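Below you'll find the structure, written out as structure tokens, and then a few comments.
Residue numbers (the working numbering): 1 to 188.
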């Protein structure tokens, strides 16, 4: 458990000296520390308000909904809870980095590097398995999302989405469902 003393003792970037806001106060994107990672309720709330696909979908669809969807696919596949923790939290770094679309990450490699550093800090903070890849579940969810939201988008590079349908949750409901799943998986 982190204490106020841990917070006070941790180095801060120059531009954040003295700022103790819960999210951005001392979080350094260039040198992320697990000490300054937000709580699960804060992450759930932020992800529920962060839109996927840069807002281009036919309806608001949050990163929290996507994360819940990925976890549901992993649960149905029989993935053990320890690894489902990583699946549910696979986009938690987007709380700090935003939901950058894959083509943008490919054009700007530093975005991927930045997000990976933040993801490592989050994994350390919540004891998530680092060697487990959420990619199969992320790609399965993406295939179903593209089928529903962008039916003419190419998706032959993705797995067949089968019967999966993205959830339809209001932001506050998505935050609560994300939090419920996180607590059920022992994250927090």
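All C-beta atoms in this analysis are idealised placements derived from N, C-alpha and C, irrespective of residue type, glycine included. The model shown is predicted, which means the values in this text are computed figures rather than measured ones.
(1) Put residue 48 into one of helix, strand or coil per three-state DSSP.
(2) Name the DSSP beta bridge partners of residue 62, please?
(3) Taking DSSP as the reference, what is the three-state secondary structure of residue 184?
(4) Closest to residue 148 by CA distance: which of 162, 136 and 157 is it?
(5) Note down, one range per segment and in chain order, each beta strand (DSSP E) of at least 3 residues found wholly within the segment 143-174.
(6) With distance defined between alpha-carbon atoms, name the residue in 37, 86 and 33 nearest to residue 133.
(7) So which of 126, 157 and 43 has the shortest CA-CA distance to residue 65?
(8) CB residue 99 to CB residue 155, shorter than 7 Å?
(9) Could you work out which residue in 166, 138 and 137 is closest to residue 150 when comparing CA atoms only?
(10) For residue 181 versus residue 88, is the C-beta spacing smaller than 7 Å?
(11) State the Cα-Cα distance for the pair residue 130 and residue 61, rounded to the nearest angstrom.
(12) Tell me whether residue 39 is buried or exposed, calling it buried when 16 or more other Cβ atoms sit within 10 Å of its Cβ.
If we stick to the structure as given:
(1) Indexing the chain shown from 1 puts residue 48 at position 48. DSSP places residue 48 in helix when its eight states are reduced to three.
(2) The count along the chain shown starts at 1 and reaches residue 62 at position 62. Paired residue(s): 51.
(3) In the chain shown, counting from the first residue as 1, residue 184 sits at position 184. Reduced to three states, the DSSP call for residue 184 is helix.
(4) Numbered from its first residue, the chain shown carries residue 148 at position 148. Measuring from the Cα of residue 148, the nearest candidate turns out to be 162.
(5) The qualifying runs do not exist here; there are none.
(6) Mapped onto the chain shown, residue 133 falls at position 133. For residue 133, the nearest C-alpha among the options comes from 86.
(7) Sequence index remark: in the chain shown, residue 65 carries index 65 (1-based). Nearest of 126, 157 and 43 to residue 65, Cα basis: 43.
(8) For the purposes of this step, residue 99 is taken as residue 99 along the chain shown, with counting starting at 1. For the purposes of this step, residue 155 is taken as residue 155 along the chain shown, with counting starting at 1. Contact flag unset, no.
(9) Counting from 1 along the chain shown, the entry for residue 150 is found at position 150. Checked all of 166, 138 and 137; the closest Cα to residue 150 is 166.
(10) Reading the chain shown from its first residue, position 181 is the one you call residue 181. Reading the chain shown from its first residue, position 88 is the one you call residue 88. It is a contact, given that the beta carbons lie within the stated cut-off.
(11) Mapped onto the chain shown, residue 130 falls at position 130. Mapped onto the chain shown, residue 61 falls at position 61. Near 27 Å, if we compare the C-alpha coordinates of residue 61 and residue 130.
(12) Within the chain shown, residue 39 is the residue found at index 39, counting from 1. Counting every other CB atom within 10 Å of its CB across the protein chains shown gives residue 39 a total below 16, marking it as exposed.
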